[in-house]
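Have a look at the structure below before the remarks.
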Amino acid sequence: MQLTLTLSGSAGMQLLLLVSSLLLWENVSSKPTAMVPTDDLYTRLAELSHNTFILAADVYREFDLDFFDKTWITDRTLPLCHTASIHTPENREEVHEIKTEDLLKAMINVSISWKEPLKHLVSALTALPGASESMGKKAADIKGRNLIILEGLQTIYNRTQANIEENENFDYPAWTGLEELQSPNEDTHLFAVYNLCRCIKRDIHKIDSYIKVLRCRVVFQNEC
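Note that the sequence shown covers residues -30 to -1, 1 to 194 in mature numbering (1 follows the signal peptide of the UniProt record, and there is no 0).
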């Protein structure tokens, strides 16, 4: 697994340590006696997803403050996020009723579906006139962290399955917003960037919440 990340400061060091940890987990995954415990993996993922949500919220807030304008949202309807077709629990009761493996698979589908759009969001924010350098760097951090979260979720999911089918398919939706994101029309372009910022914040918050639920369920037997 090769990841190219934009890192800075203590946050970058923390992310590099997490990458090293997941590479280690991947390398020893074929040796059951050397596996990093699932409990520990849940704890690390819970911390990583929480910090990633904070970054996503920061990017959304900064874009909203610096670029939101009624001129490009007037007469436009906010579209559904491209991950809306992925079935995820919508309330506490549904969360507690869903099977662990089904919730893991839903999170994996959400995470995979963001691999491509996050690449383009980083490029868009980096090239956006008037955007701060930190906003682009935070988006790059989110992109890298999403890959690490995905690796962790896939590792846990594989451990929950008695009979894993090789190259099992995951049903994740394709992102179709590239044309709008690259539009020469400024209002269309900014609206597309806004929607990506809004949706990644929404989806990372979901993943963060679900990881905490599963950590409580699996690690603490719901006693938390």
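Note that CB positions come from ideal geometry on N, CA and C, so glycine has one too.
Is residue i helix, strand or coil by DSSP?
i           : result
MET5        : coil
TYR127      : helix
PHE33       : helix
ILE112      : helix
residue 195 : The requested residue 195 does not occur in the structure, where the chain is confined to residues -30 to 194.
GLU54       : For the sequence presented, residue 54 should be read as Ala rather than Glu. ALA54 falls in the coil class under three-state DSSP.
THR96       : helix
GLY106      : helix
PRO87       : helix
ARG46       : coil
ALA16       : helix
Just to check my reading of the structure: residue i and residue j have Cβ atoms closer than 8 angstroms, yes? What is that Cβ distance to the nearest angstrom?
i      : j      : result
THR58  : LYS182 : At roughly 14 angstroms, the Cβ-Cβ gap does not stay under 8 angstroms, so THR58 and LYS182 are not in contact.
ALA26  : ILE170 : 5 angstroms
LEU11  : THR125 : 6 angstroms
VAL188 : THR13  : With a Cβ gap of about 11 angstroms, VAL188 and THR13 do not count as contacting.
ILE174 : THR70  : That belief does not hold up - the Cβ atoms of ILE174 and THR70 are roughly 20 angstroms apart, past 8 angstroms.
ALA94  : LEU151 : 6 angstroms
ASP141 : ASN192 : Not confirmed; about 28 angstroms, so no contact.
Can you tell which of the options has its C-alpha closest to the C-alpha of residue i?
i      : options                           : result
SER55  : PHE38, GLU63 and MET77            : MET77
ASP36  : ASP173, VAL188, ARG185 and LEU160 : LEU160
GLU149 : ASP141, ALA162, VAL29 and LEU18   : ALA162
GLY106 : PRO154, CYS186, TYR30 and ASP173  : TYR30
THR158 : ASN21, GLU32, LEU18 and PRO49     : PRO49
GLY122 : TRP145, PHE38, SER81 and GLU86    : SER81
GLU17  : PHE190, ILE68 and SER179          : SER179
ALA101 : HIS20, LEU15, ASP34 and TYR127    : ASP34
GLU32  : MET5, LYS108, HIS20 and THR53     : LYS108
Output the boundary residues of the alpha helix (DSSP H) element that contains residue i.
i      : result
ARG185 : 156 to 189
ILE78  : 70 to 83
GLU63  : 62 to 67
THR41  : 40 to 43
GLU149 : 148 to 151
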